[in-house]
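Sequential numbering from 0 applies to the sequence shown in numbering that gives the first Met the number 0.
For glycine and all other residues, C-beta sits at the position ideal for the given N, C-alpha and C.
I have placed the structure first, in the form of structure tokens, so that the comments after it can refer back to it.
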Amino acid sequence: MRNASLRKLTVGTVAAGLLLTGCGTTAEGGAASGGGTQEGPVSGLRVMVPNSPGSGYDTTARAWAQVAEEEGLAETIEVFNLEGAGGTVGLQRLVNETGNADMLMQMGLGVVGAQYSNQSEATLDQTTPIARLIEEAEAIVVPADSPFQSIDDLVAAWKADPGNTPVGGASNPGGPDHLTPMLLAQQVGVTPTSVNYVAYDGGGELLAGILGGDVAFAATGIGEVTEPAASGDVRILAVTSEQPVEGVDAPTLTEEGVDLTFTNWRGIVAAPDISAEEAQRHVDLITQVHDSEAWQQVLEDQGWTDAFITGDEFGSFLDEESRRVQGVLSELGLT
């Protein structure tokens with residue numbers, strides 16, 4: 000299957016790299032394969048977000064769509080949400096739109112895992128790969144009033160009673176927010192199959208669960224908790240990147256003595272069976288967004304890492320990620 004990649008995942012015996020408004024676009028001018036230029040702004044483009052408003056996918060889709068409009072690259076992009084089943088409800092909708100060159104879907108590592116955990120009939124290898132946009136560290140986060148002041152405090156309680164130390168995430172099994180605590184568990188001596196993982200459909204619902212005390216801790220994209228952390232609502236115990244995240248007052252897991260790095264990612268796919276020219280128009284649009292100063296400012300403001308690849312290169316990445324996710328889930332005893 001040509002599905003998504005886990006990039007840079009280092010954990011004990013698991014050394015697999017892990018790195019997370021709906022219908023397409025029509026252009027007034029075509030673009031030759033290999034990179035042409037549009038004669039006018041894209042119109043009629045809809046971008047589907049396969050989970051809830053306020054989620055990482057939602058934030059990413061709306062950010063690049065806004066840049067495209069403000070830069071005059073597209074007219075009135077519609078971004079809409081179709082949530083459910085870890086993104087596979089949206090994936091099924093996209094696959095059903097075969098040949099529709101007016102549909103894109105924001106997606107990422109979470110949709111890769113959800114294909115397997117939900118035994119989805121629709122799969123990413125049926126879609127048309129457009130681009131990978133960003134990478135983002137995960138954060139290990141607790142409510143502000145949590146007794147856990149450090150990763151060591153958390154691990155001690157978790158090892159003593161994993162069933163009564165629930166961990167939340169905005170991913171179905173196989174997604175980044177699920178894989179992060181599972182890999183962390185394996186690394187610190189908690190049996191992954193004993194982990195009490197609570198899945199939420201999007202970052203907004205997860206934050207409510209954290210603040211409501213429904214989970215003892217959570218794993219989620221750093222961008223989804225920087226503002227709550229800055230306002231004192233939550234506390235970030237550690238981040239999963241190789242280096243500390245600028246502007247975030249939290250150590251890396253490796254600095255805390257846990258040999259684990261993990262990076263989530265997000266990208267864009269189109270409906271199946273669109274023409275090469277139609278796919279190239281999407282690639283050209285996203286490339287122009289990526290190359291703009293406005294998008295570079297978005298990356299800085301959101302704390303996202305530029306991870307841009309397009310077309311066939313992104314397709315190969317998806318194939319690799321699919322194999323790695325399957326392998327990690329199998330090794331952790333979760334499939």
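- request: Report back the beta-carbon spacing between Ala293 and Val66 to the nearest angstrom; my notes put them in contact at under 8 angstroms.
  value: 5 angstroms
message: Given this structure, state the Cα-to-Cα distance separating Gly212 from Pro142, to the nearest angstrom.
response: 7 angstroms
query: Excluding the five sequence neighbours on either side, which residues of its own chain have a C-beta within less than 6 angstroms of the C-beta of Ile365, listed in chain order?
result: Absent from the structure is residue 365, since the part of the chain shown begins at 0 and ends at 334.
message: Check for me: the beta strand (DSSP E) holding Leu103 runs from which residue to which?
response: Met102 to Gly107
message: Report the start-end ranges of each alpha helix (DSSP H) in the segment 267 to 301 that is 4 residues or longer and not cut off at the edges.
response: 275 to 290 and 292 to 301
task: Going by DSSP, name the residue or residues bridged to Asn80.
output: Val48
- request: Report yes if the C-beta distance between Ala138 and Phe147 is below 9 angstroms; otherwise report no.
  value: no
query: What residues in its chain sit with their C-beta under 7 angstroms from that of Gly86, if we drop five residues either side in the sequence?
result: Pro49, Asn50, Met106, Gly109, Val110 and Ala113
Paired residues, beta bridge with Glu261 - DSSP: At residue 261 the sequence reads Phe, which differs from the Glu that was named. Bridge partners of Phe261: none, in fact.
query: For the beta strand (DSSP E) that Thr87 lies in, which residues bound it at each end?
result: Unbroken run through Thr87 is the alpha helix (DSSP H), Thr87 to Asn95; no beta strand (DSSP E).
task: Rounded to whole angstroms, what's the CA-CA distance from Ala184 to Asn99? Just pull it up for me.
output: 43 angstroms
task: Measure from the C-beta of Asn50 to each C-beta in chain B and report whether the shortest distance is under 9 angstroms.
output: Judged by its chain identifiers, the structure shown contains no chain B, having just a single protein chain.
- prompt: In terms of residue numbering, what span does the alpha helix (DSSP H) encompassing Asp318 cover?
  reply: Gly310 to Glu330
- request: Pull up the CB-CB distance for Leu81 and Leu44, whole angstroms please, since I reckon it's below 8 angstroms.
  value: 16 angstroms between Cβ atoms; not a contact.
message: At the level of alpha carbons, what is the spacing between Pro40 and Ala218?
response: 39 angstroms
field: Whole-number beta carbon distance between Tyr115 and Leu298, since they are thought to touch under 8 angstroms
entry: Leu298 to Tyr115, Cβ: 30 angstroms. No contact.
message: Using 9 angstroms as the threshold, is the C-beta distance between Val244 and Ala169 below it?
response: no
- request: Look at the Cβ atom of Gly208, then the Cβ atom of Pro175, and state whether they are nearer than 9 angstroms.
  value: no
query: What residues match up with Gly220 in a beta bridge as DSSP calls it?
result: Glu137
- request: Pull up the distance between the alpha-carbon of Gly231 and that of Asp144, whole angstroms please.
  value: 10 angstroms
- prompt: How is the alpha helix (DSSP H) around Leu178 delimited, first residue to last?
  reply: Pro175 to Val187
message: Nearest by alpha-carbon distance to Gly188: which of Gln125, Val257, Asp272 and Leu210 is it?
response: Val257
message: I'd like to check one pair, Tyr196 with Gly167: are the Cβ atoms closer than 9 angstroms?
response: yes
Nearest residue (CA-CA) to Gly173, options Pro165, Glu226 and Ala198: Ala198
Rounded separation between Leu182 and Leu90 - CA only: 26 angstroms
message: Taking the alpha-carbon of Asn171 as reference, which of Asp101, Glu74, Ala62 and Gln118 has the nearest alpha-carbon?
response: Gln118
- prompt: Skipping 5 residues on each side, what residues in its chain have a beta carbon closer than 8 angstroms to that of Asp335?
  reply: Residue 335 is absent from the model: the chain starts at 0 and stops at 334.
message: Closest to Thr97 by C-alpha separation, out of Ala270, Gly310, Ala278 and Ile285, would be which residue?
response: Ala270
- prompt: Can you name the start and end residues of the beta strand (DSSP E) that Val197 belongs to?
  reply: Tyr196 to Ala198
- prompt: What's the C-alpha gap between Ala275 and Gly314?
  reply: 14 angstroms
message: Between Asp305 and Ile133, how many whole angstroms is the CB-CB distance? I'm expecting something under 8 angstroms.
response: 7 angstroms
- request: Measure the Cβ-Cβ separation of Thr122 and Asp272 and say whether it is below 9 angstroms.
  value: no
- prompt: Going by C-alpha distance, which of Glu74, Leu206 and His177 is nearest Pro52?
  reply: Leu206
field: Nearest candidate by alpha-carbon position, reference Arg131, set Arg323, Val282 and Ala64
entry: Val282
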